[in-house]
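Here the sequence shown is numbered in numbering that gives the first Met the number 0, starting from 0 and rising by one per residue.
Where is the CB? At the ideal position from N, CA and C, for every residue including glycine.
Fair warning: this is a prediction, and the values are worked out from it, not measured in the lab.
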Amino acid sequence: MRIASKLHDGRINATNYLIEISIGDYIDLARAVLDNNEFQRKRVSSSKTIYSLLKTDAVQGCVIPPIVLALSSSDPAELTDQNLKLALEEHVDRLMILDGLQRTHSFIDIEDEFKRRGDDAGLKAYRDLPIRCEIYLGINRLGILYRMLTLNTGQTPMSLRQQIEMLYLDYSKEEIAGVVLAREVDATKAKGLNAYNFKEVIEGFNCYLERNELPLERADLLENIKSLEKLSQENSGKDLFKEYVSSFHQFVIRIYAMMNDESLDEDKFGEGTVWGKTATQIFKKQQTLAGFGAAIGKLRDNAVIEGFQDVVSVLPTIELNGEVQAFLVEFNKAMRWIADNAKKIGNAQRMYFQYYFRELFNPSSDGYLKLYEAIPLALQKYKSQVF
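Listed below in structure tokens is the structure:
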């Protein structure tokens, strides 16, 4: 392998190297990358025709577009023809495929086919074929994500959820008592009272930071990288995230303690889609996390509360003021009305929960600490703002 050219990327403050490498050497590195990197995307089963053509092209020696890699290691400070191979092998755990993941899987498949057939001559000829790779050296995780977003033109782009999870990876490793955060890369689902989808929690936290309950879009993520670069420099950043998650989780625990898992009597509810059969199902949703974050942010901006601790301190005094069934029916009716009348249902649901939590935690509101009374008040507020 050898270095063909070297350029500095000023936006992400990293050096880009264009190298020539044999398919065999690349495959040896790639197998380790796919096994070890916690945020390397998984293989997709779609686009079979495209990738079968790619396999044919590769065997015939067709020039394949460069695969883009990131090496997030500060050692060595510079790549040379002399240290290139050793640097990649020694720091393979810090290597990531930014663009060309499915091409990589195709390369590996071809090698495996040669081995299955016992075609040693064909295997050697194949492994000796040259390809090009770009390597970003000294790139941090924010730079990796930024470059992935701007490179994201392939058949199988990284999902928005995984991009968000990657952006906030450090937060997923924070110890938050009693809370389990399930990430897409782990292929796990949030099951149980204490489990939450990491991406949904992150979106809710972002709603707090932005004071806006609307969901993150791809374009917003590029802006979030800039804001997170500043937030990551502040010691309060992770503490604020923990406060957000902890306060919402304590709210859910309080709801569960008051209503357990009593299920909605659908005969009393009537026809229509059920938003949540139990109280915890009502509140443990993406729209609720978003509305909670935006509501607390706005209450804080308006000097109604000082922060999440004010919410936690009043949780023991929250009241139901009625039967659980009445609460479940009323809440599901409110959500059904929104589903029947809103143009963008998901955004409308987020807005409703923002008004609901503002009613619930604003000492000046008629629904203050009253779970049942806050339902129609929030719906009335939503209607007045939208209709």
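Within the same chain, and ignoring the five residues on either side of I11 in sequence, the residues whose Cβ sits closer than 7 angstroms to its Cβ are I138, G142, Y145 and R146.
Residue nearest to L314 within the set Y371, F360, I281 and S262 is F360 (criterion: CA-CA distance). The region 56-75 makes contact with the region 93-108: 3 or more CB pairs, one atom from each, lie closer than 8 angstroms. Bridge pairing for T287: absent [DSSP]. A residue is called buried once 16 or more other Cβ atoms fall within 10 Å of its Cβ, and F386, having fewer, is exposed.
In the three-state scheme derived from DSSP, where H, G and I count as helix and E and B as strand, P375 is classed as helix. For the pair A3 and I107, the CB atoms are not nearer than the 8 angstroms cut-off.
The three-state reading of DSSP puts V62 in coil, since its state is none of H, G, I, E or B.
Excluding five sequence positions before and after L298, the CB atoms of its chain that fall closer than 7 angstroms to its own CB belong to I304, R357, F360 and N361, given in chain order. As the crow flies, the alpha-carbon of L122 is around 18 angstroms from that of V62. Excluding its 5 nearest sequence neighbours in each direction, E19 has C-beta neighbours in its own chain below 7 angstroms: M0, R1, A3, P129 and R131, listed in chain order. Here P315 carries a helix assignment [DSSP, helix/strand/coil].
For D8, the enclosing beta strand (DSSP E) stretches over residues R1 to D8. Per DSSP, Y367 lies in no alpha helix (DSSP H) and is assigned neither H nor E.
Ranked by how close their Cα comes to the Cα of F326, the residues Y243, L263 and L213 have L263 in first place. With fewer than 16 other beta carbons inside 10 angstroms of its own, S383 counts as exposed.
N346 and A293 do not touch by the CB rule: their CB atoms are close to 12 angstroms apart, not below 8 angstroms. S21: member of the beta strand (DSSP E) spanning A13 to S21, first to last residue. For G23, same chain residues with a beta-carbon under 6 angstroms away, outside a window of 5 residues either side, are R126 in chain order. DSSP, read as helix, strand or coil, puts L78 in coil.
Note that the region 200-208 does not touch the region 262-277; fewer than 3 beta-carbon pairs, one per stretch, sit closer than 8 angstroms. Apart from the 5 residues on each side of it in sequence, L378 sits with its Cβ closer than 6 angstroms to the Cβ of A333 in its chain, given in chain order. Minimum Cα-Cα distance from E265 among the listed residues M258, Y255 and F330 corresponds to F330. Contact between F291 and V251 is absent: CB atoms are separated by about 10 angstroms, not below the 8 angstroms threshold. Put simply, the backbone Cα of L192 is about 24 angstroms away from that of M350. Just so you know, the alpha carbons of M257 and G296 end up roughly 26 angstroms apart. In this structure, DSSP gives R131 an extended state, which the three-state scheme calls strand. Secondary structure note for D98: its beta strand (DSSP E) is the uninterrupted segment L94 to D98. A distance below 8 angstroms separates the beta carbons of Q324 and K267. Comparing C-alpha distances from D111 to each of V32, D27, L180 and A189 shows the shortest one belongs to D27. Looking at the backbone, the Cα of N320 and that of A373 are separated by about 11 angstroms. T279 is the residue among E261, G275, D238 and T279 whose C-alpha sits nearest the C-alpha of Q249.
Across the set A124, Y16, L6 and A76, the C-alpha of A124 shows the shortest separation from the C-alpha of A57.
Counted as a single uninterrupted DSSP element, the beta strand (DSSP E) harbouring N196 occupies residues A194 to N196. Rounded to the nearest whole angstrom, the CA to CA distance from A86 to Y16 is 13 angstroms.
In this structure, the straight-line span from the alpha carbon of K190 to that of F197 is close to 12 angstroms.
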